[in-house]
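Participant:
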Amino acid sequence: MSHHVSTSFRTFSGLVALFAMPFAGVRAQTCPDAQALTRGLDGVLAHVRFLADDRLEGRAVGTAGEHCAADYLASQFESFGLEPAGSQSSFFQTFEIRKGAELGPQTRLTVAGREYGVGTDWVPTGFSASASVEGELVYGGHLLSSPGNPADEFARMDISDRIVVVEWGDPDDPHGTGLRGDPHFKATVAAGRDAAGILLLAPIGMELPTPDSEMRAALAIPVGIVSGAAAAVLREALIGGASASLRTDVRATSAEARNVVALLPGANPLLRGEYVIVGAHYDHLGYGGEGSLAPGETAIHNGADDNASGTAGMLEIARILAAGPRPDRSVLFIAFTGEERGLWGSAYFVRERTIDLEEAVAMLNLDMVGRVVDDGLTVMGVGTAAEWNEIIDRANAALSTPFTIGKSPDGYGPSDHSSFYGEGIPVLHFLSNLHEDYHRPSDDWEKINVDGLERVSQLAARIAARLATGGADAVALTRIEQPQQRGGPNQAASSTSSGYGPYLGTVPDMTPRPFGLRLTGVREGSPAAAAGLRPGDVVVEFAGRPVTDIYAYTYALQAQAPGDEVVIVVERDGARVSVTATLGAAR
Ligand SMILES: [Zn+2]
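Under numbering that gives the first Met the number 0, the sequence shown has 529 at position 530, and the numbering climbs by one with no breaks.
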């Protein structure tokens, strides 16, 4: 399940080893021997044990560990007799991702005739533009964006065409959890105010970060971080007024990411062209960083519950259905990657679908189903089709030990079903429980409730089998348009609202694109719907600010207040359309 917090940086000292392979994509690594690793284990526990092993290094998207996991999943699908349903009749659907950045030899900073050492005195960020500027330095304080605060002299300071020098962080937020102090946010604000470049002064003792795992797109201006010691010298130089030459040679590195896709073809010639989709993401957080709830800790995040458990459950459903009577409709199994980065794999699948999604009758998503407590289970998306309650209750009642099921109606949420609901497909998301190991290195396989996981798999397998059955027992799902639910559990995740401040009601597609932000969905009855925004629209401007990506969009929204009227420009069917929205208040 994805969770977005501000980025942490990898330190410069670990960089040298990585220069050797910037464009090699995935580092060649021998994958652990699955048979040896899972000896004596079987079923869901064997799958979790393999996927959550340290040697898969937390399965971050685009890494060797993710690669090994994908190979394992394909071999399991094959062993159940399923057909490859990825691209080019393989089990894999491969796409390229930005993996990070590396520095080129042109990188250079000179202030008042003094050269600053790259990696010692300063370093460009991974989201810096690759650019060269000469210009006057101007001191910008902390460059905190606090609209409407008359005391904030820097909020209105003219920094255009100059290199602004800014203090690190936000004095009002010492733990750095907020947005205003985030270096990426400050740099975006500076770019939006036409600065020529920005230098962020790190506090004494902070190690200079490296750009190597920076996955966010390059901003329009050069961005550098100056070490605590060098910052003292630079502040001195500023007093008398100084100019600088700032050259940032920052090159994006890329890697391959893979969804794993397999098909159980339906037996009924009239119905095999219709699909039930069963999915789970298999990537996780690697060594931590963005999304980790153990910020600053570089350690393997094994992701046993998130989401080796759901992936194991999906494999178990595949095994059960493949071993049983062949269903009438086809069943498509998808292991998504890139979920932790913002549903990248499922959004890519929807965009580059390998089946006709118009013929998909439903999508079942398993994400974090390994920590059942007291027979409790949450099923989300129940409000997306009229028949879901009856279907779930009947399947649950048929289990030897039924669950106590908590149902929630929302079709949008912080996991891959959201991408399919945006396409109008009824969805269900199975979740056992949040817990203290969520997004921490301690999410280990020994803590998985195996019996609970097996039962979730059986429940979902029963539902999938029912949906895939034709004839007298067939169910046709009636899709329900979702009434707006302010304060629903997933609001923060699904509608770019952080629970306070302005509310619009859009569901963003968080996969990176050259420019703009595509909308996966628009909430029924929301200010966005009232303004006429539609799923598929690409937002390119918000309240006069260019929207390069999800971050620029979030920042532009955060700069407004409830009740504000904003003009939003979108690209729709090749044309630019402007709409005006009156922002609501998130609750
Ligand atoms: Zn997660």
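No residue lacks a Cβ here, since even glycine has one placed at the ideal position from N, Cα and C.
For the beta strand (DSSP E) that contains Gln-92, what are its first and last residues?
Facilitator: Run containing Gln-92: 91-102, per the beta strand (DSSP E) assignment.
Participant: Looking only at DSSP bridge pairs, what is Ala-186 linked to?
Facilitator: Partner(s): none; Ala-186 has no beta bridge.
Participant: Taking the alpha-carbon positions, what's the Gln-490 to Gly-412 distance?
Facilitator: Residue confidence for Gln-490 is low, a pLDDT of 43 falling below 50, so the modelled location carries little weight and cannot support an answer.
Participant: I want to know whether the region 180-190 touches the region 545-565 - three or more CB-CB distances under 8 Å.
Facilitator: yes
Participant: Going by beta-carbon coordinates alone, are Ser-308 and Val-47 separated by less than 8 Å?
Facilitator: yes
Participant: Could you check what DSSP says for Ser-494 in three-state terms: helix, strand or coil?
Facilitator: Confidence is the limiting factor: at Ser-494 the pLDDT is only 44, short of 50, which leaves the residue's position unreliable, though a coordinate-based value still follows. It is coil, neither helix nor strand.
Participant: Could you confirm whether any beta carbon from chain B is found closer than 8 Å to the beta carbon of Val-349?
Facilitator: You won't find chain B in this structure, because it holds only one protein chain.
Participant: Looking at Ser-1 and ligand 1, is the gap between the Cβ and the nearest heavy atom below 7 Å?
Facilitator: yes
Participant: With 16 as the cutoff for other CB atoms within 10 Å, does Leu-269 come out buried or exposed?
Facilitator: exposed
Participant: Would you list the one or two residues that DSSP bridges to Trp-121?
Facilitator: DSSP, once it has assigned bridges, lists Val-117, Val-225 as partnering Trp-121.
Participant: Along the chain, which unbroken stretches of the beta strand (DSSP E) at least 3 residues long are found entirely within the region 367-438?
Facilitator: 375-379, 403-407, 426-430
Participant: Can you give the Cα-Cα distance for Thr-579 and Pro-501, rounded to whole angstroms?
Facilitator: 15 Å
Participant: Look at the alpha carbon of Glu-296 and the alpha carbon of Gly-287, and state the distance between them as a whole number of angstroms.
Facilitator: 7 Å
Participant: Leaving aside the five residues before and after Asp-52 along the sequence, list all residues of the same chain whose C-beta is less than 7 Å from its C-beta, in chain order.
Facilitator: Pro-31, Leu-36
Participant: Out of curiosity, what's the CA-to-CA distance linking Lys-446 and Tyr-437?
Facilitator: 12 Å
Participant: Over what stretch of residues does the beta strand (DSSP E) that includes Gly-520 continue unbroken?
Facilitator: Per DSSP, Gly-520 belongs to the beta strand (DSSP E) from 516-521.
Participant: If you draw a straight line from the alpha carbon of Pro-294 to that of Ala-558, how long is it in whole angstroms?
Facilitator: 26 Å
Participant: Is Gly-534 near Leu-518, with beta carbons less than 8 Å apart?
Facilitator: One point to set straight first is that residue 534 is Pro, not Gly, in the sequence displayed. Contact: yes.
Participant: Hey, quick one: how far does the beta strand (DSSP E) through Gly-278 stretch, first residue to last?
Facilitator: 274-280
Participant: Would you mind working out which of Glu-540, Gly-524, Phe-332 sits nearest Gly-583, comparing C-alpha positions?
Facilitator: Gly-524
Participant: Is Glu-56 a contact residue of ligand 1, with contact defined as CB to any heavy atom under 7 Å?
Facilitator: The answer is no for Glu-56.
Participant: Using the Cα positions of Arg-393 and Ser-89, report the straight-line distance between them to the nearest angstrom.
Facilitator: 36 Å
Participant: For Val-372, which residues from the same chain have a beta carbon less than 7 Å from its beta carbon, with the 5 sequence-adjacent residues on both sides left out?
Facilitator: Asn-432
Participant: Can you tell which of Val-538, Gly-573, Ala-229 has the C-alpha that lies nearest to the C-alpha of Val-566?
Facilitator: It is Val-538 whose Cα lies nearest to the Cα of Val-566.
Participant: What three-state label does DSSP hand Gly-487 in the structure shown?
Facilitator: Unreliable placement is indicated for Gly-487, whose pLDDT of 42 sits below 50; the coordinate value is still reported in the next sentence. Reduced to three states, the DSSP call for Gly-487 is coil.
Participant: Rounded to whole angstroms, what is the Cα-Cα separation between Ser-129 and Val-222?
Facilitator: 9 Å
Participant: Arg-179 to Asp-169, Cα distance in whole Å?
Facilitator: 7 Å
Participant: Mark His-174 as exposed unless 16 or more other C-beta atoms lie within 10 angstroms of its C-beta, in which case mark it buried.
Facilitator: So His-174 counts as exposed.
Participant: Gly-103 and Asp-248: beta carbons closer than 8 Å?
Facilitator: yes
Participant: I need the boundaries of the alpha helix (DSSP H) containing Ile-319, first residue and last residue.
Facilitator: 309-322
Participant: Identify the residues that DSSP records as bridge partners of Arg-454: which are they?
Facilitator: In the DSSP output, where bridge partners are listed per residue, Arg-454 has none listed.
Participant: Please list, in chain order, all residues of the same chain as Thr-109 whose beta carbon is under 6 Å from its beta carbon, the five residues on each side excluded.
Facilitator: Ser-244
Participant: Given Tyr-138, which residues of its chain have a CB within under 7 Å of its CB, disregarding the five upstream and five downstream residues?
Facilitator: Here the set comprises Val-164, Leu-237.
Participant: Say whether the region 359-375 touches the region 458-478, bearing in mind that this needs 3 or more beta-carbon pairs closer than 8 Å, one atom from each stretch.
Facilitator: yes
Participant: Just checking Glu-339 against ligand 1 - is the residue's beta carbon closer than 7 Å to any of the ligand's heavy atoms?
Facilitator: yes
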